[in-house]
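In the working numbering, each number is its position in the sequence shown, counted from 1, plus 2.
The structure under discussion appears below in the form of structure tokens.
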Amino acid sequence: MVATAPAPPAPAAPAGRPRTSALRERRRRGLVAAVFLLPAFVLFVLFFLGPAGLGLAYSFTDYRGYGTPEFVGLENYLTLFADSDFYSSLWRTALYTVVSVPFGYLLTLLISALLVSRETKGAALAQVIFFFPWLISPIVTGVIWRWMFGENFGLINYLLTLVGASPAQWASNPNLALSVVILAGSWGGTAFSMLLFMAALRNIPTSYLEAASLDGAGSITRFVRITWPLLRPTSFLVILLGTIGAMKEFAMIQALNGGGPGTSNVLVVQYIYKTGFEQSKIGFASAASMVLMVILLLIALIQTRFDRSDLS
Numbered sequence: 003m004v005a006t007a008p009a010p011p012a013p014a015a016p017a018g019r020p021r022t023s024a025l026r027e028r029r030r031r032g033l034v035a036a037v038f039l040l041p042a043f044v045l046f047v048l049f050f051l052g053p054a055g056l057g058l059a060y061s062f063t064d065y066r067g068y069g070t071p072e073f074v075g076l077e078n079y080l081t082l083f084a085d086s087d088f089y090s091s092l093w094r095t096a097l098y099t100v101v102s103v104p105f106g107y108l109l110t111l112l113i114s115a116l117l118v119s120r121e122t123k124g125a126a127l128a129q130v131i132f133f134f135p136w137l138i139s140p141i142v143t144g145v146i147w148r149w150m151f152g153e154n155f156g157l158i159n160y161l162l163t164l165v166g167a168s169p170a171q172w173a174s175n176p177n178l179a180l181s182v183v184i185l186a187g188s189w190g191g192t193a194f195s196m197l198l199f200m201a202a203l204r205n206i207p208t209s210y211l212e213a214a215s216l217d218g219a220g221s222i223t224r225f226v227r228i229t230w231p232l233l234r235p236t237s238f239l240v241i242l243l244g245t246i247g248a249m250k251e252f253a254m255i256q257a258l259n260g261g262g263p264g265t266s267n268v269l270v271v272q273y274i275y276k277t278g279f280e281q282s283k284i285g286f287a288s289a290a291s292m293v294l295m296v297i298l299l300l301i302a303l304i305q306t307r308f309d310r311s312d313l314s
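Put into structure tokens, the structure is as follows:
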């Protein structure tokens, strides 16, 4: 029997090959992610960074929508900070935001809690009804509420006359007009916040609520002590988005009452619209827009900082 020589050992793989393969895989995934993010980045540049940069440039000029703009430096900002109408619009915007955001938050939270409850009957139909405002534009929302609260032709005043009450001055009374705007804004923003709250409520472990129920906690106690604290991240997002949305509300109010009666309820975005398009002061309106953008950024940073300090 002839002895055979042992086979030579297989060559060992280079030590750097696994690291090279992992690096290639990481680059491939990064390239795929970049390809998918490219359309969003292009849209962001075209519809946000581009207009923002153009508005910033116009804010230092006397551009009126035609002709060649001339550089005026800080003149638009100095004129803006000396304009009492600008401060009035900021005050009304702050008042609208301070009232509408908490009201909309509590209303949406209550509706969401009722819709996810097992004891609620007809929850599916109710979800469709409350989701309806999201399907229509803010302009349509304003028109609907204008028809409902019209002084001479509105449904609400008609119902008041049927029960023997006097028609309310929904359009000529500044406080009542602002109340209608708050109700309309809360109604229009219910759907999106409702979806966020319902998703968060359904993700809360039922074991927490069952344990509290066994300990004798009622439904209100369980909601206040367990459910509501677990909704803090969602609550922060709803309040943040609601605040930013209220600060730049325009289309719904413009269709509802145009900031009336008179200029008593003109918000800051309507102020920008009137000066920029009705008075052809594009440069001045751009300066007001930049100030509003800074205010919104500060609000977002303060709310984010406040939320992080609570979590720490």
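Cβ atoms here follow ideal geometry from the backbone N, Cα and C, with glycine treated the same way.
- Give the straight-line distance between the Cα atoms of F155 and Y275, rounded to the nearest whole angstrom. Along the sequence shown, one-based indexing puts residue 155 at 153. Along the sequence shown, one-based indexing puts residue 275 at 273. Distance between the alpha carbons of F155 and Y275 is about 29 Å.
- Task: Using the Cα positions of V101 and R227, report the straight-line distance between them to the nearest angstrom.
- Result: Looking up residue 101 in the sequence shown gives position 99. Looking up residue 227 in the sequence shown gives position 225. Between V101 and R227, the C-alpha separation is close to 25 Å.
- Exposed unless 16 or more other CB atoms sit within 10 angstroms - verdict on N177: Position 175 of the sequence shown, counted from the start, is the residue given in the question as residue 177. The residue is exposed, with fewer than 16 neighbouring Cβ atoms inside 10 Å.
- Message: Helix, strand or coil for F151? Go by DSSP, reduced to three states.
- Response: The residue given as residue 151 occupies position 149 in the sequence shown. It is coil, neither helix nor strand.
- Task: State whether the segment 201-221 contacts the segment 185-193, with contact taken as three or more CB pairs (one from each stretch) at a distance under 8 Å.
- Result: no
- Query: So, I113 versus T192, is the Cβ gap smaller than 8 Å?
  - Reply: Position 111 of the sequence shown, counting from 1, holds the residue named residue 113. Position 190 of the sequence shown, counting from 1, holds the residue named residue 192. Result yes, Cβ atoms of I113 and T192 sit closer than 8 Å.
- Message: Ignoring anything shorter than 4 residues, give me the alpha helix (DSSP H) runs that lie fully in the segment 43-115, in order along the chain.
- Response: Contiguous alpha helix (DSSP H) elements confined to the segment 43-115 occur at 52-60, 77-83, taking only those with 4 or more residues.
- Which residues in the same chain as A128 place their Cβ atom closer than 7 Å to its Cβ, once the five residues preceding and following it in sequence are excluded? Numbered from its first residue, the sequence shown carries residue 128 at position 126. Closer than 7 Å at the Cβ level, and outside the excluded window around A128, lie L117.
- Item | Cα-Cα separation, W147 to S195 | On the sequence shown, position 145 is the one that residue 147 refers to. On the sequence shown, position 193 is the one that residue 195 refers to. Cα to Cα, the separation comes out at about 20 Å.
- Among L56, L40, S266, G67, which has the Cα closest to the Cα of K283? Here residue 283 refers to the residue found at position 281 of the sequence shown. The candidate whose alpha carbon is nearest that of K283 is G67.
- Task: Grab the span of the alpha helix (DSSP H) containing N259 for me, first residue to last.
- Result: Along the sequence shown, one-based indexing puts residue 259 at 257. Unbroken run through N259: none, as it is neither H nor E.
- Note down, in chain order, each residue of its chain lying with its Cβ closer than 6 Å to the Cβ of F105, except the 5 sequence neighbours on either side. To locate residue 105, count along the sequence shown from 1; it is residue 103. Cβ neighbours of F105 beyond the five flanking positions: S188.
- Query: Hey, A126 and F225: beta-carbon distance below 8 Å or not?
  - Reply: Along the sequence shown, one-based indexing puts residue 126 at 124. Along the sequence shown, one-based indexing puts residue 225 at 223. Not in contact: A126 and F225 (Cβ atoms no closer than 8 Å).
- Query: Is it the case that the Cβ atoms of V130 and G244 are separated by a distance below 8 Å?
  - Reply: Position 128 of the sequence shown, counted from the start, is the residue given in the question as residue 130. Position 242 of the sequence shown, counted from the start, is the residue given in the question as residue 244. No.
- Message: On the CB-based measure, 16 or more other CB atoms within 10 Å of its CB, does L294 come out buried or exposed?
- Response: Here the question's residue 294 lines up with position 292 in the sequence shown. Buried, because 16 or more other Cβ atoms sit within 10 Å of the Cβ of L294.
- Item | Cβ-Cβ separation, L216 to A302 (assumed contact under 8 Å), whole Å | Here residue 302 is taken as the residue at index 300 of the sequence shown, counted from 1. Here residue 216 is taken as the residue at index 214 of the sequence shown, counted from 1. No, A302 and L216 are not in contact; Cβ-Cβ is about 42 Å, not under 8 Å.
- Under the rule that 16 or more other beta-carbon atoms within 10 Å means buried, what is W230, buried or exposed? Position 228 of the sequence shown, counted from the start, is the residue given in the question as residue 230. When all chains shown are included, W230 counts as exposed.
- Query: Any idea what DSSP makes of G264, helix, strand or coil?
  - Reply: Position 262 of the sequence shown holds residue 264. Correct three-state label for G264: coil.
- What residue from F286, S221, L111 has the CA that sits closest to A59's CA? Working through the sequence shown from its first residue, we reach residue 59 at position 57. Among F286, S221, L111, the Cα nearest to that of A59 belongs to F286.
- Query: How many angstroms separate the CA atom of E280 from the CA atom of Y273?
  - Reply: The residue given as residue 280 occupies position 278 in the sequence shown. The residue given as residue 273 occupies position 271 in the sequence shown. Using only the alpha carbons, I get a separation of about 10 Å.
- Message: Taking its Cβ as the centre, do 16 or more other Cβ atoms sit within 10 Å of S86, making it buried, or is it exposed?
- Response: Along the sequence shown, one-based indexing puts residue 86 at 84. Flag for S86 reads exposed.
- Task: Say yes only if the C-beta of G260 is nearer than 7 Å to one or more non-hydrogen atoms of the ligand NAD, and no if none qualify.
- Result: The model depicted lacks the ligand NAD and carries no ligand whatsoever.
- Burial state of A213, where buried means 16 or more other Cβ atoms lie within 10 Å: As a working note, residue 213 is residue 211 in the sequence shown. Answer is exposed; the Cβ neighbour count stays below 16.
- Among the residues of its own chain, which have a CB less than 8 Å from the CB of S91, if the five just before and after it don't count? Along the sequence shown, read from residue 1 onward, the residue named residue 91 stands at position 89. Once the five neighbours on either side are set aside, the close Cβ partners of S91 are V268, L269, V270, Q272, Y273.
- Look at G144 and A36 and say whether their C-beta atoms are less than 8 Å apart. Residue 144 sits at position 142 when you count from the first residue of the sequence shown. Residue 36 sits at position 34 when you count from the first residue of the sequence shown. Not a contact, by the Cβ cut-off of 8 Å.
- Cα-Cα separation between E153 and S237, rounded to whole angstroms: The count along the sequence shown starts at 1 and reaches residue 153 at position 151. The count along the sequence shown starts at 1 and reaches residue 237 at position 235. Cα-Cα distance, rounded: 37 Å.
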